[in-house]
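Quick note on numbering: our numbering labels position 115 of the sequence shown as 119, and the sequence is numbered without any gaps. Just so it is clear, CB atoms sit at the ideal spot from N, CA and C, and this is done for glycine as well. Notes follow once the structure below has been shown.
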Amino acid sequence: MHSYKIIHLSFLLGLSTVGLAQKEATPNFQDIEKKLQTQFILAEAGDVILLEEGNFRFKGSLSMDDKKNITIRGKGMDKTILSFKGQTEGAEGLHISNGTNITLEGFTVQDSKGDGIKVKDTDGITFRDIKVVWTDKAGQPSSREENGGYGLYPVMCNNVLIEKCETRGASDAGIYVGQSKNIIVRNNRVTQNVAGIEIENSQMADVYDNDTYQNTGGILVFDLPGLAIKKGGNTRVYNNRVRENNFRNFAPKGNIVAKVPSGTGIMVLATSGVEIFNNQITNNRTINTSIVSYYITEEPIKDTLYDPYPTAIYIHDNTYQRQKRSPSLKSRMGKLLFLKFGKQVPDILYDGIVNTQLKEANGKVKPEAQICLRNNGNATFANLDAENKFKNISRDMTPYNCEHQPLKAASLSLKE
């Protein structure tokens, strides 16, 4: 039998605006914050914590640790708003750790100082009908370097479901899943973030039926050095609309995504076992799709266990379209592409940097490690020959006309 704990905050609806005429009408947000945090601390297995409709302000992070089978449910992403504008304590809006089977649904986290919702070391985390957004002084959505890095941020988790969510204004990634396993990201809308959706050093991920538009980069699949989980893989990206991701890059300097050129649709960086299919990839002005090694970042590699090469990438049956226009000239890559291709940048770009240990005696890459491109309509291609300073760029797609076995579908296995 589940118990139900209802947080009666509805009396605050409409009273959360600064500058109310009657001072005594101003709600005691400090008391509300304390009560809600207490609910998180005292929650027992099976509890459903209900958040009423309203706009509620918090000065500090809300946190939940070591809980099992808990649901935090609002009245809807546009009806229950947890605002952290002016936050003075903590960084995240909501921080969850060491949990099992946690469900968050039906509310908005707004203007957190750092990440919107961070979940760490949790087996079974569901984000459903959740919005994370950063706003300006007038309350309008705003994309600034000072915004928090991540909207939805599960890391070191298993069995991650993110569906029907919205993120806007993250200075790193709107939806980020890192160092995790068994992941489904579907039916989300992400816009005006630096990275829309990012899967990093993670295994068994399905990213599908999402709408990613007007970000700097739409969907990123990365493996990066220096992390506890060294290798990602078995990531499927399919049935997404990846369109017009031409937003300026507002990431703080030093962040790896600060190197993502504005106008990037899908980028695969240094990871293996990625299948990209049945997507609509349109009008990303700089690169519709890129496959690159970590060397393209020009950052030093200090992690001796790190593999910087992309391998076993299969891109097939996608629809490509790109308007005839110059790539963004605000990045070194964009300037290079303009010099090499003018306004007709190929749809699929490969940096051409190959691990020599993966080559056979005849110089060809071993079949299991190949980059394979097939049935992408009229998509154009170029191998940039980055290893030789872009001297011998090739438009010939023939060496990449191959296929891999379809990857396994991701599935969730929740503990009782």
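Tell me, to the nearest whole angstrom, how far the beta carbon of residue i is from that of residue j; I am working on the premise that it is less than 8 Å.
i           : j           : result
residue 322 : residue 380 : 5 Å
residue 197 : residue 172 : 7 Å
residue 176 : residue 261 : 6 Å
residue 357 : residue 292 : With a Cβ gap of about 20 Å, residue 357 and residue 292 do not count as contacting.
residue 184 : residue 164 : 6 Å
residue 64  : residue 84  : Contact flag wrong, Cβ pair sits at about 19 Å.
residue 115 : residue 80  : 19 Å between Cβ atoms; not a contact.
residue 373 : residue 208 : Residue 373 to residue 208, Cβ: 20 Å. No contact.
residue 152 : residue 138 : 7 Å
residue 131 : residue 161 : Not really, about 11 Å apart at Cβ, beyond 8 Å.
residue 306 : residue 230 : 7 Å
residue 238 : residue 411 : 5 Å
Just list the residues that DSSP pairs residue i with in beta bridges.
i           : result
residue 320 : 281 and 378
residue 245 : 215 and 284
residue 271 : 224 and 294
residue 117 : Looking at the DSSP assignment, residue 117 forms no beta bridge with any residue, so it has no partner.
residue 358 : DSSP lists no partner for residue 358.
residue 127 : 104 and 162
residue 265 : In DSSP, residue 265 forms no bridge with anything.
residue 145 : 139
residue 386 : 353
residue 88  : Answer is none; residue 88 lacks a bridge partner.
residue 41  : Residue 41 is not bridged to any residue.
residue 250 : The partner list for residue 250 (beta bridge, DSSP) is empty, contrary to what the question assumes.
residue 196 : According to DSSP, residue 196 bridges with nothing at all.
residue 74  : 106
Restricting to Cα atoms, I'd like to know which of the options is closest to residue i.
i           : options               : result
residue 340 : 393, 103, 310 and 324 : 393
residue 375 : 327, 278 and 162      : 278
residue 187 : 240, 56, 350 and 354  : 240
residue 404 : 230, 263 and 378      : 378
residue 93  : 264, 66 and 181       : 66
residue 296 : 306, 264, 282 and 327 : 264
residue 326 : 360, 284 and 59       : 284
residue 3   : 36, 282 and 160       : Limits of the chain in this structure are 5 at one end and 420 at the other, which puts residue 3 out of reach.
residue 3   : 166, 236 and 318      : Residue 3 falls outside the range modelled here, since the chain spans only 5 to 420, and no answer is possible.
residue 390 : 401, 337, 412 and 407 : 337
residue 142 : 302, 193, 89 and 412  : 89
residue 179 : 276, 121, 47 and 385  : 121
residue 41  : 131, 99 and 72        : 99
residue 433 : 195, 383, 216 and 365 : Residue 433 cannot be examined here, being either before or after the span of the chain that is shown, 5 to 420.
residue 454 : 298, 329 and 255      : Residue 454 lies beyond the residue range present for the chain, which begins at 5 and ends at 420; the question has no answer from this structure.
residue 272 : 233, 335 and 206      : 206
residue 174 : 166, 95, 199 and 193  : 199
residue 3   : 129, 60 and 91        : Because the chain spans 5 through 420 in this model, residue 3 falls outside it and cannot be assessed.
residue 107 : 167, 97, 60 and 56    : 167
residue 294 : 224, 335, 220 and 365 : 224
residue 101 : 369, 44 and 140       : 44
What is the rounded straight-line gap between the Cα of residue i and the Cα of residue j?
i           : j           : result
residue 218 : residue 75  : 32 Å
residue 204 : residue 315 : 15 Å
residue 86  : residue 69  : 19 Å
residue 346 : residue 331 : 8 Å
residue 14  : residue 54  : Since pLDDT at residue 14 reaches only 41, below the 50 mark, its modelled position is unreliable, and the value read off the structure follows with that caveat. Between residue 14 and residue 54, the C-alpha separation is close to 11 Å.
residue 189 : residue 226 : 16 Å
residue 354 : residue 300 : 11 Å
residue 25  : residue 228 : Because residue 25 carries a pLDDT of 31, less than 50, the predicted location of this residue cannot be relied on, and no value is offered for it.
residue 103 : residue 416 : 16 Å
residue 49  : residue 105 : 10 Å
residue 282 : residue 324 : 10 Å
residue 409 : residue 144 : 46 Å
residue 401 : residue 407 : 13 Å
residue 156 : residue 181 : 8 Å
residue 386 : residue 350 : 6 Å
residue 201 : residue 258 : 19 Å
residue 28  : residue 77  : Reliability of the predicted coordinates at residue 28 is poor, the pLDDT of 36 falling under 50, and the value obtained from them is presented with this limitation in mind. Those two C-alpha atoms are separated by around 30 Å.
residue 51  : residue 39  : 16 Å
residue 304 : residue 313 : 14 Å
residue 302 : residue 348 : 25 Å
residue 234 : residue 154 : 21 Å
residue 290 : residue 254 : 17 Å
residue 396 : residue 361 : 22 Å
residue 243 : residue 34  : 45 Å
residue 11  : residue 383 : For residue 11, the predicted model reports a pLDDT of 44, less than 50, meaning its position is unreliable; a value from the coordinates is still stated below. Cα-Cα distance, rounded: 53 Å.
residue 319 : residue 71  : 40 Å
residue 195 : residue 213 : 15 Å
residue 220 : residue 159 : 22 Å
residue 30  : residue 91  : With a pLDDT of only 46 at residue 30, under 50, the local geometry of the prediction cannot be trusted, and the value read off the model is given with reservation. C-alpha separation (whole angstroms): 18 Å.
residue 276 : residue 46  : 43 Å
Run the proximity test for residue i: is its beta-carbon closer than 8 Å to any non-hydrogen atom belonging to the ligand ZN?
i          : result
residue 56 : Ligands in the displayed structure: none, and consequently the ligand ZN is not present.
Are at least three pairs of beta-carbons, each pair with one atom in the stretch 264-276 and one in the stretch 241-256, less than 8 Å apart?
yes
For the stretch 143-150 and the stretch 121-128, state whether three or more C-beta atom pairs, one from each stretch, are separated by less than 8 Å.
The answer is no - the stretch 121-128 does not touch the stretch 143-150, with fewer than three Cβ pairs under 8 Å.
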